[in-house]
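Structure first, commentary second.
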Amino acid sequence: MLDAGDTKCLPVVAAMLNPELGLPFDDIDLQHQMQQYHWYVSGYRMSFHDPNDEETKALFTDLPATQTMFRVVVKANNTRVMMDNLITSLKACLEEMASLGPGFVSMHAPKKLATGMKGHAC
141 MLDAGDTKCL PVVAAMLNPE LGLPFDDIDL QHQMQQYHWY VSGYRMSFHD PNDEETKALF
201 TDLPATQTMF RVVVKANNTR VMMDNLITSL KACLEEMASL GPGFVSMHAP KKLATGMKGH
261 AC
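Quick note: the sequence shown, position 111, residue 251 per the working numbering, numbers continuous.
Laid out in structure tokens, this is it:
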């Protein structure tokens, strides 16, 4: 991605919560939680809905269809103070969600829409 008329790069940092930890939340939950700290951290599901067979399929062969990830765009006008605040907010969100343990209820769990069609809350 480019910024400032193709002269400076706009870094995008992508990561995922470690699936081996067995956390009751994922990167999309993290996206929702970070909003309360006024940060927009994009969460993505690493899958797609195949219209041919109506199945959800993984985008990559080495990850399950349930895998999620998040990304942060670091703009040219971000300051060290802003990045420190981002890290502090990220840690606070992870601690808040982890403190609920198994009682954490995903904010984006698949839900039936009023029309009876399948959908997601986000």
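Just so it is clear, CB atoms sit at the ideal spot from N, CA and C, and this is done for glycine as well.
A quick note: this is a predicted structure, and the numbers were derived from the prediction, not measured.
Tell me whether the beta-carbon of residue i lies closer than 8 Å to the beta-carbon of residue j.
i: Q175; j: G183; result: no
i: A154; j: M209; result: yes
i: W179; j: L240; result: no
i: V212; j: V181; result: yes
i: L203; j: F188; result: no
Leaving aside the five residues before and after residue i along the sequence, list all residues of the same chain whose C-beta is less than 6 Å from its C-beta, in chain order.
i: D190; result: K197
i: P164; result: P242, F244
i: Y177; result: S229
i: P151; result: V214
i: Q207; result: M186
Helix, strand or coil for residue i per DSSP?
i: T206; result: coil
i: T228; result: helix
i: D166; result: coil
i: E195; result: strand
i: H178; result: coil
i: V221; result: helix
Taking its Cβ as the centre, do 16 or more other Cβ atoms sit within 10 Å of residue i, making it buried, or is it exposed?
i: D166; result: buried
i: R185; result: buried
i: L157; result: buried
i: D193; result: exposed
Return the chain-ordered list of same chain residues with a C-beta closer than 8 Å to the C-beta of residue i, the five sequence neighbours on each side being excluded.
i: E160; result: none
i: A232; result: Y177
Check the Cβ-Cβ distances between residue i and every residue of chain D, and say whether any is below 8 Å.
i: V213; result: Absent here is chain D; the protein component of the structure consists of one chain.
Going by beta carbon distance, what residues of the same chain come within less than 7 Å of residue i, once the five residues before and after it are set aside?
i: A205; result: S187, T196, K197, A198
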